[in-house]
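Engineer:
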Amino acid sequence: MQTFQQINPEDFNHSPFRIIGKEWMLVTAEKDGRANSMTASWGGLGVMWQKNVSFVVIRKSRFTKEFVDAADTFSLTFFDRKQYGKMLGYMGTVSGRDEDKIAKFALTVSHRNGTPYFEEANKVIICKKMFCQPLTPDHFLSDSIDTEFYKDKDYHDLYISEVTDILAR
Ligand SMILES: Cc1cc2nc3c(=O)[nH]c(=O)nc-3n(C[C@H](O)[C@H](O)[C@H](O)COP(=O)(O)O)c2cc1C
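Whatever position you read off the sequence shown (first residue = 1), add 8 for the numbering used here.
1. Given a threshold of 16 other Cβ atoms within 10 Å of its Cβ, counted over all protein chains shown, does Leu115 qualify as buried or as exposed?
2. Do Leu96 and Trp32 have their CB atoms nearer than 8 Å?
3. Exposed or buried, His119, counting other C-beta atoms within 10 Å across all chains shown (16 or more means buried)?
4. Please specify which runs of the beta strand (DSSP E), each continuous and at least 3 residues long, are wholly inside the segment 53-117, giving them in chain order.
5. Rounded to whole angstroms, what is the Cα-Cα separation between Ala79 and Lys131?
6. For Ser152 and Ala48, what's the separation of their Cα atoms in angstroms?
7. Could you say which of Leu149, Lys137, Leu143 and Asp77 lies nearest to Ile168 if we only look at CA atoms?
8. Under 7 Å Cβ to Cβ from Phe86, same chain only, skipping five residues before and after it: list those, please.
9. Using a Cβ-based criterion (distance less than 7 Å to any ligand heavy atom), does Phe86 qualify as near ligand 2?
10. Considering Cα atoms alone, identify which of Tyr125, Cys140 and Tyr158 is closest to Ile133.
11. On the DSSP bridge assignment, give the partners of Lys39 in chain order.
What follows is the structure in structure tokens.
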């Protein structure tokens with residue numbers, strides 16, 4: 009396996025529509041020495057407040073939210089779909105409240121300046137939280153958002169975070 013190389017954000021030539029929306033990512037953070045991950049396919053990469061940022065949305069019910077809220081930083085990790093598709097599906101349906109998902113798939117946790125990520129990933133984005141706000145129905149400009157995506161009122165919080173490191177193999 010090639011070693012990770014640090015990539016300039018300007019040279020990161022991967023469509024976020026593909027790598028997030030179609031191939032999915034893990035959101036991982038650490039709390040009290042334990043890491044937890046969940047699959048995410050909504051979010052983005054962009055520029056805000058003169059910084060390169062990620063946009064991630066996490067519903068209030070997610071166990072991972074407790075980890076992201078407890079930490080200053082978290083990682084986004086991307087994987088080969090053929091090899092890790094099953095793992096990404098599992099991480100997106102089972103909660104870390106019920107079992108140690110990272111141990112189940114024997115993923116290797118490494119740290120970048122204290123932020124957990126996975127050696128098995130092919131791309132890693134380290135994020136430092138800058139902003140968190142609940143997405144509330146009074147701000148939806150299309151009626152269908154609330155009825156389509158929030159029938160059970162499990163709203164997302166939006167996190168905007170500085171992209172501090174991008175690693176790729
Ligand atoms: C393809 C896919 C994409 C998902 N995207 C998100 C997302 O963007 N935000 C979110 O809150 N949950 C998302 N989920 C659901 C969580 O990954 C899922 O509820 C997970 O089991 C939460 O685990 P946790 O309780 O250990 O945090 C997604 C699930 C799948 C399968």
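We treat Cβ as the ideally placed atom computed from N, Cα and C, and that holds for glycine.
Structural biologist: Looking at the coordinates:
1. Within the sequence shown, the letter at position 107 stands for residue 115. Buried, by the Cβ-count rule.
2. Taking the sequence shown and counting its residues from 1, the one referred to as residue 96 is at position 88. Taking the sequence shown and counting its residues from 1, the one referred to as residue 32 is at position 24. In contact: Leu96 and Trp32 (Cβ atoms closer than 8 Å).
3. Residue numbering aside, residue 119 sits at position 111 when the sequence shown is read from its first letter. His119 is exposed by the Cβ-count criterion.
4. Correct list: 59-67 and 81-86.
5. For the purposes of this step, residue 79 is identified with residue 71 of the sequence shown, where counting begins at 1. For the purposes of this step, residue 131 is identified with residue 123 of the sequence shown, where counting begins at 1. Cα to Cα, Ala79 sits roughly 21 Å from Lys131.
6. Walking along the sequence shown from the start, residue 152 turns up at place 144. Walking along the sequence shown from the start, residue 48 turns up at place 40. Taken atom to atom, the span from the alpha-carbon of Ser152 to that of Ala48 is near 21 Å.
7. Here residue 168 refers to the residue found at position 160 when the sequence shown is read from its first residue. For Ile168, the closest C-alpha among the options Leu149, Lys137, Leu143 and Asp77 is that of Lys137.
8. On the sequence shown, position 78 is the one that residue 86 refers to. So the list reads Ile27, Glu31, Met33, Ala129, Asn130 and Lys131, once near-sequence residues are dropped.
9. Ligand 2 is absent from the structure shown, which contains only ligand 1.
10. Translated into the one-based positions of the sequence shown, residue 133 becomes position 125. Ranking Tyr125, Cys140 and Tyr158 by Cα distance to Ile133 puts Tyr125 first.
11. Reading the sequence shown from its first residue, position 31 is the one you call residue 39. In the DSSP secondary-structure assignment, Lys39 is bridged to Arg42.
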